[in-house]
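See below for the structure under consideration.
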Amino acid sequence: MFWVSPHRLTVGGAMKTKLQAARADRGWTQAQLIAALQGAAGRLGIMLPSASSLKTQISMFENGRRSPGADYQTLFCEVYQVSRTDLGLALESAPSQLDTLPTLPVPRVPSPKASPEVLDYLKSVFVQHARAEPLVGPRFLVPAIQSQLPLIEELCKEASGPLREEVVRVGSRYSEFLGWLHQDSGDSRSAMLWTNRALDYAAELNDPALSAYVLQRRSNIAAEAGQAGYAVGLANGALREATKLPEQIRAVALRASANAHALLGHADESARALDEARRLADTADVDDSGLASYCSVSYIDMEAANCALALGRPADAVKALETSLTRWPTEQQRDRGLCLARLATTYAQLGDVEAAYNAASEAAAIAQATGSARILAELGRLQRYLTPWNKLVEIAELNRLLGSMNGS
4 MFWVSPHRLT VGGAMKTKLQ AARADRGWTQ AQLIAALQGA AGRLGIMLPS ASSLKTQISM
64 FENGRRSPGA DYQTLFCEVY QVSRTDLGLA LESAPSQLDT LPTLPVPRVP SPKASPEVLD
124 YLKSVFVQHA RAEPLVGPRF LVPAIQSQLP LIEELCKEAS GPLREEVVRV GSRYSEFLGW
184 LHQDSGDSRS AMLWTNRALD YAAELNDPAL SAYVLQRRSN IAAEAGQAGY AVGLANGALR
244 EATKLPEQIR AVALRASANA HALLGHADES ARALDEARRL ADTADVDDSG LASYCSVSYI
304 DMEAANCALA LGRPADAVKA LETSLTRWPT EQQRDRGLCL ARLATTYAQL GDVEAAYNAA
364 SEAAAIAQAT GSARILAELG RLQRYLTPWN KLVEIAELNR LLGSMNGS
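Take a look at the structure:
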């Protein structure tokens with residue numbers, strides 16, 4: 004990540020960086036911050052220097068004499084449960100696609116201009132790929148979506164007025180979708196880079212709903228990458244202007260908050276967020292933007308089951324997952340696979356090895372068809388719970404299948 008020139012605040016007549024203000028706001032001593040950083044580093048697999056060296060580093064970061072590197076930025080966001088922006092840190096965004104275009108042996112022609120016809124083409128392509136994604140997964144769609152981004156960047160160079168707003172909005176949707184495809188492929192770094200690019204576009208539009216949606220997507224990526232504290236901060240950012248948001252977008256942002264809190268073991272905070280998300284999903288009008296049209300009560304219930312799993316409550320999760328599967332849309336094949344994988348993990352935790360095997364076998368078939376790394380990751384978690392039954396023929400076969408899918 005990159006560091007912006009340190010943002011300073013005037014607090015009690017003294018100049019402080021936002022990093023120093025964050026610690027002061029919590030009433031933490033340096034020793035308490037060091038302990039929190041060491042705990043987060045252990046969870047995230049980040050190496051830290053000795054406590055005395057760390058104390059020196061913190062002092063230099065807080066007084067603006069040194070800029071924190073990527074690992075330190077990750078840890079500060081995790082322990083303070085805020086976003087990088089809240090700490091005065093800039094986002095790292097995906098590089099321009101124009102620099103990577105191949106040189107073609109054809110005469111130079113003028114760059115394409117933004118027009119209603121070109122925008123209709125881009126929107127039509129986007130809709131078709133979005134419809135295909137739950138069926139075929141990310142593997143074949145990443146190149147197709149990424150190939151359109153140089154065109155969008157060219158259009159942004161010249162477009163102005165209402166037409167520019169449309170081009171920028173299309174750019175945000177493509178970038179966010181590409182981020183999602185990378186997330187489902189298991190590439191959290193590329194996922195965050197492209198989702199940050201989507202946020203860049205959304206900032207120009209000054210669209211609270213789009214910005215909130217992209218922020219909660221960033222929260223989801225951070226949570227899946229193991230940075231639950233950072234994920235809480237991003238979800239809080241998404242909900243900062245909650246009254247301006249469509250109910251479905253508020254609901255998905257609350258779901259992101261609930262998930263992050265569950266990963267941190269905050270059962271009460273997770274439950275409150277889920278209750279409010281369920282209420283909003285139940286009363287919401289259709290989201291005209293199409294950003295969160297998938298956010299139904301059934302969707303929230305399935306996500307509540309995932310929170311229950313994170314909190315070590317499989318009995319609370321199993322009924323919701325079983326019910327979700329009975330009404331799953333046929334076109335949402337990839338998400339059905341994820342639900343089956345989670346259900347298999349739940350059955351294994353409850354000791355029902357036969358049900359776990361059956362659900363896992365279905366999930367593995369969908370993972371093979373779609374290339375979803377998220378399904379594979381859940382099946383990897385399942386394997387830990389199947390250890391007591393590894394000598395059973397069926398479980399041994401399942402382990403071999405999952406090993407081959409993971410390349411091991």
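Numbered by this note's numbering, the letters in the sequence shown go through residues 4 to 411 in order. C-beta: ideal position from N, C-alpha, C; glycine also.
Task: Residues bridged to Leu-489 [DSSP beta-bridge criterion] - done: For the chain, the structure presents residues 4 to 411; residue 489 sits outside this window and is missing.
- [ ] Using three-state DSSP, classify Leu-122 as helix, strand or coil.
- [x] helix
TODO: Compute the Euclidean distance between the alpha carbons of Arg-253 and Gly-174, then round it to the nearest angstrom.
DONE: 23 Å
Task: With 16 other Cβ atoms within 10 Å as the buried cut-off, status of Lys-21 - done: buried
Open item on the list: My parser needs the alpha helix (DSSP H) runs of 4 or more residues fully inside the segment 141–206; what are they?
Closed with: 144–149, 152–161, 164–187
TODO: Compute the Euclidean distance between the alpha carbons of Ala-363 and Pro-153, then round it to the nearest angstrom.
DONE: 40 Å
Open item on the list: With a threshold of 6 Å on Cβ separation, who are the neighbours of Ala-380 within its own chain once the five nearest residues in sequence on each side are excluded?
Closed with: none
TODO: Whole angstroms is fine: what's the gap from Asp-74's alpha carbon to Lys-126's?
DONE: 38 Å
Open item on the list: To the nearest angstrom, how far is the alpha carbon of Leu-283 from that of Gln-251?
Closed with: 7 Å
TODO: Please classify Ser-299: does DSSP put it in a helix, a strand, or coil?
DONE: coil
Open item on the list: Quick check: the Cα distance between Val-356 and Thr-286, rounded to an integer number of angstroms?
Closed with: 39 Å
Task: Coil, strand or helix - Ala-245 by DSSP - done: helix
Open item on the list: Quick check on the DSSP output: the alpha helix (DSSP H) that includes Arg-281 runs from which residue to which?
Closed with: 270–286
Open item on the list: Using a 10 Å radius around the Cβ and a threshold of 16 neighbouring Cβ atoms, would you call Ala-34 buried or exposed?
Closed with: exposed
Open item on the list: Please state whether the Cβ-Cβ distance between Leu-314 and Ala-270 is less than 7 Å.
Closed with: yes
Open item on the list: Please classify Val-396 as buried or exposed, where buried requires at least 16 other C-beta atoms within 10 Å of its C-beta.
Closed with: exposed
Open item on the list: Could you tell me the alpha carbon to alpha carbon distance between Asp-89 and Ser-301, rounded to whole angstroms?
Closed with: 33 Å
Open item on the list: Using the three-state DSSP reduction, which class does Lys-394 fall into: helix, strand or coil?
Closed with: coil
Open item on the list: Could you tell me the alpha carbon to alpha carbon distance between Val-413 and Tyr-204, rounded to whole angstroms?
Closed with: The structure shown does not extend to residue 413, since the chain is modelled only from 4 through 411, so no value can be given for it.
Open item on the list: For Ala-351, which residues in the same chain have their Cβ closer than 7 Å to its Cβ, ignoring the five residues on either side in sequence?
Closed with: Ala-359, Leu-385, Tyr-388, Leu-389
Open item on the list: Output needed for Asn-393: all residues of its chain with C-beta closer than 8 Å, excluding positions within five of it in sequence on either side, in chain order.
Closed with: Ala-399, Asn-402
Open item on the list: According to DSSP, simplified to helix, strand and coil, what is Gly-45?
Closed with: helix
- [ ] Check whether the Cβ atoms of Asn-239 and Cys-310 sit closer than 7 Å, and answer yes or no.
- [x] no
Task: Burial state of Tyr-124, where buried means 16 or more other Cβ atoms lie within 10 Å - done: exposed
- [ ] Answer yes or no: do Tyr-216 and Ala-225 have a C-beta to C-beta separation smaller than 7 Å?
- [x] no
Open item on the list: Taking the beta carbon of Met-195 as the centre, do at least 16 other beta carbons fall within 10 Å, making it buried, or is it exposed?
Closed with: buried
Open item on the list: Measuring straight from C-alpha to C-alpha, what distance separates Leu-208 and Val-171?
Closed with: 7 Å
Task: Check whether Ala-344 and Gly-189 have beta carbons under 7 Å apart - done: no
TODO: Taking 7 Å as the cut-off, decide whether the C-beta atoms of Gly-236 and Gln-84 are in contact.
DONE: yes
- [ ] Verify whether the separation of the beta carbon atoms of Leu-353 and Ile-378 is less than 7 Å.
- [x] no
- [ ] Write down the C-beta distance between Leu-184 and Val-145 rounded to the nearest angstrom, noting that I regard them as a contact closer than 8 Å.
- [x] 5 Å
TODO: Measure from the alpha carbon of Met-305 to the alpha carbon of each residue in Val-255, Ser-56, Gly-293, then state which is nearest.
DONE: Val-255
Open item on the list: Going by DSSP in three states, Glu-334 sits in which element: helix, strand or coil?
Closed with: coil
TODO: Could you say which of Arg-167, Leu-277, Leu-248 lies nearest to Ser-260 if we only look at CA atoms?
DONE: Leu-277
TODO: Sort Glu-161, Gln-23, His-132, Glu-334 by Cα distance to Ser-150 and report the nearest one.
DONE: His-132
Open item on the list: Within a Cβ cutoff of 7 Å, which residues of the same chain sit near Trp-197, ignoring the five residues on either side of it in sequence?
Closed with: Ala-97, Ser-178, Leu-181, Gly-182, His-185
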